[in-house]
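Participant: Numbering (my numbering), first residue to last: 1494 to 2064. Note that the Cβ used here is the ideal one computed from N, Cα and C, for glycine as well. Please read all numbers here as calculations on a predicted model, not as lab measurements.
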RNA sequence: CGGGGCGUAGCGCAGUCUGGCAGCGCACCUGGUUUGGGACCAGGGGGUCGGAGGUUCAAAUCCUCUCGCCCCGACCA
């Protein structure tokens, strides 16, 4: 490709709207332009990156035996009413009506469509298992789109759906996809980690998220420093502490203290001069059947998902001011376990064995010191209900857990028979009996993956693309296009590399060298081959690695083979 | 949805408080000098100042309403 015939509208300055690196750089490199909040056009350079990313995903899906299809983007309401999700899926689903007033939505996901399709074309166990996928546009009306294509409303996703005859087959399909995903992210050259995820209301035994590690990631993951346990924050477990020895020796007498308008953990610890770990945080939640009270140490954070799973409720919501007051007879900030009646109290096991805590007094401007379990109040159950943090013990091996930030680029789910039941997708088994198909679903955000790659690999001069998804493998840069000899050498190298099947960009613009070098850095092409006066006088060209900055001088006649060799090394 | 901020040329911004010619830098076009890390000189084009209504002799500027965008939070198969 010739630069002069291509379109790369780079920006000299940072756009005001972009905060994170990938968003800023994708705009500056001329890959994307915004049309509306969370809605982007992809320009030629961005298109090449997206296509390459998608192609790797496609190749690995095909290799894993999945079959590519294209499913409709506009979907009729009836389908969603059949699965029961029309009323469940909230405002994230963009709904619209056609000219006859029939209701439709823009597909935020495709379980309904695929289940409907498979139901119609598969009727026998002999046709199973099957795994169908597409690489296609999704629309989710996100509450807050941000970070460019990282969290966009309209985006490209690879979504695959597996159908098996039984649980065992479904697990096999799941593991197969897990392996395929690992290959995909390895080929893309990303540092990633597969983490266990909460399955949410769908249920089932497993779900994994594939997280690209990046400090700017929106998600926190918890990983063991010793074994391979890794989970997202919602799911991450903590090893239960050993049962402590009973000792009632140093239980001090409780003491009511006045704490005027002192509410938060920070305020209380400062006011009473105690460490946050000596505080009991008392949180009231409303759940399916009424309300419950959860206790965690002052220096710990409650994990609502873990709490929800622990008590076995579908919904758990932090109570509003009114409920807190009704239950504790005190404004928010003074709740405590002592004296609470007719309510289940769930305590995090991090509190186990501790003594002489400080808690709210269930009275305005009052806290109680030297509060102790059993003596002053009783707990319904202890459990693992707090967020794991740095230093907590690993649930598998007991070693230290660490937190890292990541970008969720892939998610795999075992769906079970949720959709095949609600939409009645069955096959006939060898005995002629109808059975529900067992499903799995597997997503990868294509644009987000490309953005994550940039997030993970850039510097102050621009993007540093991994070879696998770089828009071009080499940039041939004649310094002065008005110099005949330089141009002839550049053109010849360009022709030969192109003939060798390499994606080459020839910067044939009559621009000053500084501009051409800056643009080369910005768009992140892995190798830059500079043809300048050295080529004319000394018969040498410079080959520069975008990643390392290393420059090699190579005789003109060896330039093509040197490039081919370098590309081979990095892949 | 709550809180904060911003809408002025393709991009980045000043001008708004205190009403009085719509500006600056970059980008773009023409000519010239330049050419190994974002050149210089000269000339030029480009704006319903987000929109509607109001106040005023006069509105980018003041008032009312409205739309959009960004950030923080809540939410999220």
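Pick out the complete beta strand (DSSP E) segments inside the region 1932-1985, 3 residues or longer, and give them in chain order.
Facilitator: The qualifying runs are 1967-1971.
Participant: At what residue ranges does the region 1656-1712 contain a whole run of the alpha helix (DSSP H), taking only runs of 4 or more?
Facilitator: With a minimum length of 4 residues, the continuous alpha helix (DSSP H) runs that stay inside the region 1656-1712 are 1660-1680.
Participant: Assign residue 1509 to one of two classes, buried (16 or more other C-beta atoms within 10 Å of its C-beta) or exposed (fewer than that).
Facilitator: It counts as exposed.
Participant: Please specify which runs of the alpha helix (DSSP H), each continuous and at least 4 residues long, are wholly inside the region 1747-1791, giving them in chain order.
Facilitator: You should have 1758-1765.
Participant: What does DSSP give as the partner residue(s) for residue 1717 in the beta ladder?
Facilitator: Answer is 1894.
Participant: If you follow the alpha helix (DSSP H) that residue 1870 is part of, which residue opens it and which one closes it?
Facilitator: Neither: residue 1870 is in no alpha helix (DSSP H) and is coded neither H nor E.
Participant: Kindly indicate the opening and closing residues of the beta strand (DSSP E) around residue 1822.
Facilitator: Counting along the chain, residue 1822 falls outside any beta strand (DSSP E), and DSSP gives it neither H nor E.
Participant: Bridge partners for residue 2023 per DSSP, in chain order?
Facilitator: 1970 and 2035, per the DSSP bridge assignment.
Participant: Here's the rule: buried if 16 or more other CB atoms are within 10 angstroms of the residue's CB, otherwise exposed. What is residue 1638?
Facilitator: Residue 1638 should be labelled buried.
Participant: On a CA-only basis, which of 2011, 1767 and 1934 is nearest residue 1952? Give me that one, please.
Facilitator: Nearest C-alpha to residue 1952: 2011.
Participant: Start and end of the beta strand (DSSP E) containing residue 1860?
Facilitator: First-last of the beta strand (DSSP E) with residue 1860: 1859-1864.
Participant: Given residue 1822, which residues of its chain have a CB within under 8 angstroms of its CB, disregarding the five upstream and five downstream residues?
Facilitator: Here the set comprises 1855 and 1856.
Participant: Counting only the same chain and skipping the five closest in sequence on each side, list residues whose C-beta sits under 6 angstroms from that of residue 1904.
Facilitator: Counting only Cβ-Cβ distances below 6 angstroms, and skipping sequence neighbours, we find 1702 and 1936.
Participant: Do you know whose CA, among 1501, 1714, 2037 and 1635, lies nearest residue 1585's CA?
Facilitator: Of 1501, 1714, 2037 and 1635, the residue nearest in Cα terms is 1635.
Participant: Between 1980, 1524, 1913 and 1902, which has its C-alpha nearest residue 1687's C-alpha?
Facilitator: Out of 1980, 1524, 1913 and 1902, 1902 has the C-alpha closest to the C-alpha of residue 1687.
Participant: In terms of residues, what are the limits of the beta strand (DSSP E) holding residue 2047?
Facilitator: Segment 2044-2048, the beta strand (DSSP E) holding residue 2047.
Participant: Residue 1720: buried (16+ other C-beta within 10 angstroms of its C-beta) or exposed?
Facilitator: By the neighbour-count rule (16 or more Cβ atoms within 10 Å), residue 1720 is not buried but exposed.
Participant: Give the DSSP bridge partners of residue 1644, in chain order.
Facilitator: Answer by DSSP bridge pairing, in chain order: 1639.
Participant: With a 10 Å radius around its C-beta and 16 neighbouring C-beta atoms as the bar for buried, classify residue 1608 as buried or exposed.
Facilitator: Flag for residue 1608 reads buried.
Participant: Would you please state the rounded distance, in angstroms, between the beta carbons of residue 1645 and residue 1785? I believe it to be under 8 angstroms.
Facilitator: Not really, about 38 angstroms apart at Cβ, beyond 8 angstroms.
Participant: Opposite residue 1903 in the DSSP bridges: which residues?
Facilitator: BP columns for residue 1903 point to 1703 and 1937.
Participant: Taking its Cβ as the centre, do 16 or more other Cβ atoms sit within 10 Å of residue 1723, making it buried, or is it exposed?
Facilitator: Answer is buried; the Cβ neighbour count reaches 16.
Participant: Using the Cβ count rule (16 or more neighbours within 10 Å means buried), how would you classify residue 1868?
Facilitator: Burial call: exposed.
Participant: Along the chain, where does the alpha helix (DSSP H) containing residue 1514 start, and where does it finish?
Facilitator: 1514-1521 is the span of the alpha helix (DSSP H), which, as asked, contains residue 1514.
Participant: For residue 1564, which residues from the same chain have a beta carbon less than 6 angstroms from its beta carbon, with the 5 sequence-adjacent residues on both sides left out?
Facilitator: Excluding sequence neighbours, residue 1564 sits near 1603, 1606 and 1627.
Participant: Which residue from 2013, 2031 and 1994 puts its Cα closest to that of residue 2057?
Facilitator: The shortest C-alpha separation from residue 2057 is found at 1994.
Participant: Judging by CA-CA distance, which residue of 1812, 1966 and 1736 is the nearest neighbour of residue 1541?
Facilitator: Nearest option by C-alpha distance: 1966.
Participant: Classify residue 1441 as buried or exposed, calling it buried when 16 or more other Cβ atoms lie within 10 Å of its own Cβ.
Facilitator: In the structure displayed, the chain extends from 1494 to 2064; residue 1441 sits before or after that span and is not available.
Participant: Three-state secondary structure (DSSP) at residue 1577?
Facilitator: The answer is coil: DSSP assigns residue 1577 none of H, G, I, E or B.
Participant: Using a 10 Å radius around the Cβ and a threshold of 16 neighbouring Cβ atoms, would you call residue 1518 buried or exposed?
Facilitator: That one is buried.
Participant: Tell me whether residue 1574 is buried or exposed, calling it buried when 16 or more other Cβ atoms sit within 10 Å of its Cβ.
Facilitator: Classification for residue 1574: exposed.
Participant: For residue 1616, name the three-state secondary structure that DSSP assigns.
Facilitator: Correct three-state label for residue 1616: coil.
Participant: Can you name the start and end residues of the alpha helix (DSSP H) that residue 1498 belongs to?
Facilitator: Per DSSP, residue 1498 belongs to no alpha helix (DSSP H) and is neither H nor E.
Participant: Leaving out five residues before and five after residue 1496 in sequence, what residues of the same chain have Cβ atoms less than 7 angstroms from its Cβ?
Facilitator: 1998, 1999, 2000, 2001 and 2002, listed in sequence order.
Participant: When the Cβ atoms of the region 2039-2048 are set against those of the region 2008-2026, are three or more pairs found closer than 8 angstroms?
Facilitator: The answer is yes - the region 2008-2026 touches the region 2039-2048, with three or more Cβ pairs under 8 angstroms.
Participant: With a cut-off of 8 angstroms on the beta carbons, I'd call residue 1875 and residue 1850 a contact; round off their distance for me.
Facilitator: Not quite, the Cβ-Cβ distance comes to about 14 angstroms (not below 8 angstroms), so this is no contact.
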